[in-house]
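Those sequence lines, one after another, are chains U and V. First residue of the first sequence? That's 207 in this note's numbering, and the numbers climb one at a time after it. First residue of the second sequence? That's 95 in this note's numbering, and the numbers climb one at a time after it. Backbone N, C-alpha and C fix where the C-beta goes; we use that ideal spot for every residue, glycine too. All values reported here derive from a predicted model rather than from experimental measurement.
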Amino acid sequence: AQKVTQAQTEISVVEKEDVTLDCVYETRDTTYYLFWYKQPPSGELVFLIRRNSFDEQNEISGRYSWNFQKSTSSFNFTITASQVVDSAVYFCALRLLRGGSEKLVFGKGTKLTVNP
Amino acid sequence: DTAVSQTPKYLVTQMGNDKSIKCEQNLGHDTMYWYKQDSKKFLKIMFSYNNKELIINETVPNRFSPKSPDKAHLNLHINSLELGDSAVYFCASSHGDRRGPQHFGDGTRLSIL
Numbered sequence: 207a208q209k210v211t212q213a214q215t216e217i218s219v220v221e222k223e224d225v226t227l228d229c230v231y232e233t234r235d236t237t238y239y240l241f242w243y244k245q246p247p248s249g250e251l252v253f254l255i256r257r258n259s260f261d262e263q264n265e266i267s268g269r270y271s272w273n274f275q276k277s278t279s280s281f282n283f284t285i286t287a288s289q290v291v292d293s294a295v296y297f298c299a300l301r302l303l304r305g306g307s308e309k310l311v312f313g314k315g316t317k318l319t320v321n322p
Numbered sequence: 095d096t097a098v099s100q101t102p103k104y105l106v107t108q109m110g111n112d113k114s115i116k117c118e119q120n121l122g123h124d125t126m127y128w129y130k131q132d133s134k135k136f137l138k139i140m141f142s143y144n145n146k147e148l149i150i151n152e153t154v155p156n157r158f159s160p161k162s163p164d165k166a167h168l169n170l171h172i173n174s175l176e177l178g179d180s181a182v183y184f185c186a187s188s189h190g191d192r193r194g195p196q197h198f199g200d201g202t203r204l205s206i207l
């Protein structure tokens, strides 16, 4: 099966807490890409990060950091010192290549609520 | 400045009607997509077009017919709308050579009465 599992359906934290969103994937492809998207209450989908399967370096962008571990098929996302504006649904996605095109297979999303 | 734009943003209509959603991108991408997000927020691909050619059709009912007049446009026409078609439909685009991520439009919320 080629799928993405986000086991946490909803998470609620208080502002300034750190929070980690889990993502576990399954794929039989040897080359693949993983993504995180944010969907704020306004509904649009915002691209956050892309990581390819050859690059296991962790990445940090401001308060956001990502931990990619092929050994456990995980691509977790941590928000440090969370803010109310981080409240959104976060999706992890796996890109599969098919017939000259590609498609994203999304996890079911984790709804993060950051309370003041 | 909008990269991927969809119209309309909201669409409310009755069962049995036919409706269209338009999508345009100004990013110079040659691949475009339609995704459906259901009431539980689950996102699933419907179609993918590369250079106006249909590449992916994920067992979508043939009441849904995508049309790509050129690389910058991918429209979605839906015939005989059913209650289960109520969802948010997202258009997206990317480079065909897989450089970079897919960029999404703001979505069209379709409500069937």
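| query | result |
| --- | --- |
| From Arg-269 of chain U to Ile-285 of chain U, what does the alpha carbon distance come to, in whole angstroms? | 6 Å |
| Taking all protein chains shown into account, decide if Asp-235 of chain U is buried (16 or more other Cβ within 10 angstroms of its Cβ) or exposed. | exposed |
| Roughly how many whole angstroms lie between the Cα atoms of Leu-207 of chain V and Val-106 of chain V? | 7 Å |
| According to DSSP, is Lys-135 of chain V part of a helix, a strand, or is it coil? | coil |
| Report the option in V:Lys-165, V:Gly-110, V:Ile-115 whose CA atom is closest to the CA atom of Val-182 of chain V. | V:Ile-115 |
| With distance defined between alpha-carbon atoms, name the residue in U:Glu-262, U:Val-311, U:Leu-303, U:Arg-257 nearest to Ser-277 of chain U. | U:Glu-262 |
| Rounded to whole angstroms, what's the CA-CA distance from Trp-128 of chain V to Ile-217 of chain U? Just pull it up for me. | 29 Å |
| Taking the straight line between their C-alpha atoms, what separation do you get for Asp-164 of chain V and Phe-184 of chain V? | 18 Å |
| CB-CB under 6 Å to Pro-322 of chain U, same chain, minus the five flanking residues each way: which ones, in chain order? | Glu-221, Val-290 |
| Measuring only between beta-carbons, confirm whether Phe-312 of chain U sits less than 9 Å from chain V. | yes |
| What's the C-alpha gap between Ile-150 of chain V and Leu-204 of chain V? | 22 Å |
| Using DSSP bridges, identify the partner residues of Ala-299 of chain U. | U:Phe-241, U:Phe-312 |
| In chain order, what residues of the same chain have a beta carbon less than 7 Å from the beta carbon of Pro-102 of chain V, not counting five sequence neighbours either side? | Thr-202 |
| For Thr-233 of chain U and Lys-135 of chain V, I'd like the C-alpha separation in whole angstroms. | 22 Å |
| Scan the stretch 272-306 of chain U for residues whose Cβ lies nearer than 9 Å to a Cβ of chain V and list them as they occur along the chain. | Val-295, Phe-297, Ala-299, Arg-301, Leu-303, Arg-304, Gly-305, Gly-306 |
| If you drop the 5 nearest sequence neighbours on each side, which residues of the same chain put their C-beta closer than 6 Å to that of Asn-264 of chain U? | Asn-273 |
| Mind reading off the beta-carbon distance from Met-126 of chain V to Leu-170 of chain V? Whole number of angstroms is fine, and I expect it under 8 Å. | So it is not a contact: roughly 10 Å between Cβ atoms. |
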